[in-house]
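Participant:
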Amino acid sequence: MSTIDVVEVQPPALWEAKRTKQRTVVWQEFGLLGIFTDQKPKIKQDGICSQQLLSTTEKSGVMDSVGVPGPEEYEEQHVHEVYEQIASHFSSTRYKPWPIVESFLQSLVPGAIGLDVGCGNGKYLTVNREVFIVGSDRSTNLVKIASQHQPHAAIVADTLSLPHQAGRFDFAISIAVVHHLSTPERRKEAVQEILRCLNAEGKALLYVWALEQKTSRRGWDEGHEQDVMVPWVMKTGKKNPNEDGSMEKTFQRYYHLYRSGELEADIAAVGGKLIDSGYEKDNWWAIFQR
Amino acid sequence: MKLLTLNFLTCAVKSCKSTSASFPLHPKDCELVSDTLKSDPKLLFNILPRLDWSALSTTASELGFPGLPPSAPTKEELEANEKLFHDLHTLLLETHISEGSLVCANCGHSYKIKEGIANFLLPNHLV
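Listed in order, the protein sequences are those of chains V and B.
Heads up: the first sequence begins at 1 in the numbering used here, then just goes up one per residue.
Heads up: the second sequence begins at 1001 in the numbering used here, then just goes up one per residue.
#1: Are the beta-carbon atoms of phenylalanine 1120(B) and proline 163(V) separated by less than 7 Å?
#2: Would a check of beta-carbon distances place alanine 87(V) closer than 7 Å to chain B?
#3: If we call anything under 7 Å between Cβ atoms a contact, is glycine 135(V) one with glycine 114(V)?
#4: Taking just the CA atoms, how far does serine 103(V) sit from threonine 1102(B)?
#5: According to DSSP, is phenylalanine 90(V) helix, strand or coil?
#6: How would you write the range of the alpha helix (DSSP H) that cysteine 197(V) sits in, first residue to last?
#7: Between asparagine 242(V) and the rest of its own chain, which residues show a CB-CB distance below 8 Å, the 5 nearest in sequence each way excluded?
#8: Please identify the residue among Gly111(V), Lys239(V), Ala157(V) and Asp170(V) whose C-alpha is closest to the C-alpha of phenylalanine 288(V).
#9: Thinking alanine 204(V) and threonine 159(V) are a contact (beta carbons under 8 Å), I'd like their distance in whole angstroms, please.
#10: Once DSSP output is grouped into helix, strand and coil, what is the label at asparagine 1106(B)?
#11: To which residues of the same chain is isoleucine 133(V) closer than 6 Å at the C-beta, ignoring the five residues directly before and after it?
#12: Take glutamine 77(V) and list the residues in its own chain whose beta-carbon comes closer than 6 Å to its own, dropping the five residues that flank it on each side.
#13: Does any residue of chain B bring its CB to less than 7 Å from the CB of isoleucine 303(V)?
#14: For tyrosine 279(V), I'd like the list of residues in its chain whose CB is within less than 7 Å of its CB, leaving aside the five on either flank, ordered along the chain.
#15: Count the other CB atoms within 10 Å of the CB of asparagine 240(V); is the residue buried (16 or more) or exposed (fewer)?
#16: For the candidate residues Gly111(V), Tyr74(V), Ile175(V) and Glu73(V), whose alpha-carbon lies nearest to that of lysine 316(V)?
#17: Please list the residues of the segment 110-130 of chain V that have a C-beta atom closer than 9 Å to any C-beta atom in chain B, keeping them in chain order.
#18: Kindly list, in the order they appear in chain B, the residues whose Cβ is closer than 7 Å to that of leucine 181(V).
#19: Go ahead and label proline 1024(B) buried or exposed: buried means 16 or more other beta carbons lie within 10 angstroms of its beta carbon, across all protein chains shown.
#20: Assuming lysine 1002(B) contacts leucine 1093(B) under a Cβ cut-off of 8 Å, what Cβ separation, rounded to an integer in Å, is found between them?
#21: How big is the Cα-Cα spacing for glutamate 58(V) and glycine 70(V)?
#22: Report the start-end ranges of each beta strand (DSSP E) in the segment 230-277 of chain V that is 3 residues or longer and not cut off at the edges.
#23: So with Cβ pairs under 7 Å, would you call aspartate 137(V) a contact of chain B?
#24: List, in order along the chain, the chain V residues whose C-beta lies closer than 7 Å to that of aspartate 1087(B)?
#25: I want to see whether chain V comes within less than 7 Å of alanine 1072(B), judged by CB atoms only; does it?
#26: Alpha carbon to alpha carbon, how far is lysine 1028(B) from lysine 188(V)? Give it in angstroms, no decimals.
#27: Which residue comes first and which comes last in the beta strand (DSSP E) that contains tryptophan 285(V)?
#28: Quick check on the DSSP output: what are the complete beta strand (DSSP E) runs of length 3 or more inside the segment 69-136 of chain V, in order along the chain?
#29: In the structure shown, what three-state DSSP assignment does serine 174(V) receive?
#30: How many Å lie between valine 25(V) and serine 1098(B) at the Cα?
#31: Could you confirm whether any beta carbon from chain B is found closer than 7 Å to the beta carbon of alanine 269(V)?
Next comes the structure, spelled out in structure tokens:
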């Protein structure tokens, strides 16, 4: 390894009352090594290191007594602000639709009206031009890109407060979105909010990152911590180097990794009826209705 | 934001969504622009039955468009009436709100539209 960047990662789920000790997840990706303590992270054979460390410092408990950030503030910092900053670079890497999502969208009746909750750059708005989709995302910069896909539309909105009437929509998709919500309650609430918008025959497709992905470059698998920070490395370009002269900037995004059956359980918990579900390349997906 | 979108939007405030006063949202101080977009008869025919026609009439009249027929035309009526087809295509798909706001008649909250992008994020006290 030629260069090692040291990244301090804020622990997820600080506000959860029972978690009084500061937790830190460190790992290596894209040639990046995150180190929080002076303990050496274990490095697996595939070059990916993932380890949870319990901080032994007096930091434990401090955040509990002085203004613990709520999940909204936490997601604002560790999800929304990151996407806003990486929007353009992120978008340039997101153009190929997942096969399951593509076939779901292609199966729709022409003239169907639907939602793309957390539409990002709107890559799924290009799949089927015979339906009308209102995409929404928290990131204004991503919505600007998404709104260019005719005949569809894109607005800035929160997944938990969608500006749509109940029972009005024939379908909804939410791809790689609800795993950014940082409590079990909020993840279920997101499913419920999507269900609310569907009509009696309406179907929704949800897609989330799986915990079980030991063959991926990240190497997570059963038994690993499910709440993780995932780096996004962006070249800053020669014109805007960092203070130390390096030309990469790393952003950390919060993710909840779903274990087998968890997505289906969330859907059932809010009264959704499962139609089909499965696993596709490091992700769990589920199709459900009211 | 094209006017067709407005037919599928309501207030983001939870307590408003179940009230009839929150739909449709009311355009306020809006700047309209018109894009030329190739018409897609099949798409328009298919979407027509899914529109809330009364809400569309309200929106059209508030923005100063000529009156719409009292009820949604059928596919056959639209096929036979080129002018009506053209007017609906212009109204729904070519006309955009570039700047302005959308106001909820139930709570009075106003959602800004800037550079054609409507923002429905709520201030903390309304979440």
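Even for Gly, the Cβ is constructed at its ideal location relative to N, Cα and C.
Facilitator: Taking the geometry as given:
#1: yes
#2: no
#3: no
#4: In the sequence as presented, threonine is not what sits at residue 1102(B); that position holds leucine. Each residue's alpha carbon lies about 35 Å from the other.
#5: helix
#6: 184-197
#7: Thr236, Glu248 and Lys249
#8: Asp170(V)
#9: The pair is not a contact, with the Cβ atoms about 13 Å apart (cut-off 8 Å).
#10: coil
#11: Gly114, Asp116, Leu125 and His152
#12: none
#13: Since the first residue of chain V shown is 1 and the last is 290, residue 303(V) is not available in this structure.
#14: Ala210
#15: exposed
#16: Absent from the model: residue 316(V). The displayed extent of chain V is 1 to 290, so no value can be given.
#17: Pro110, Gly111, Ala112, Ile113, Leu115, Arg129 and Glu130
#18: Those do not exist, as leucine 181(V) stays about 14 Å from chain B at its closest Cβ, beyond 7 Å.
#19: buried
#20: 6 Å
#21: Confidence at glutamate 58(V) is low in this model, with a pLDDT of 28, below 50, so its placement is unreliable and the value that follows should be read with caution. Roughly 22 Å between the two C-alpha positions.
#22: 248-256
#23: no
#24: Neighbours of aspartate 1087(B) on chain V: none; closest Cβ ~17 Å, over 7 Å.
#25: no
#26: 35 Å
#27: 283-289
#28: 113-117
#29: strand
#30: The predicted position of valine 25(V) is uncertain, since its pLDDT is 33 and thus under 50; no value can be drawn from it.
#31: no
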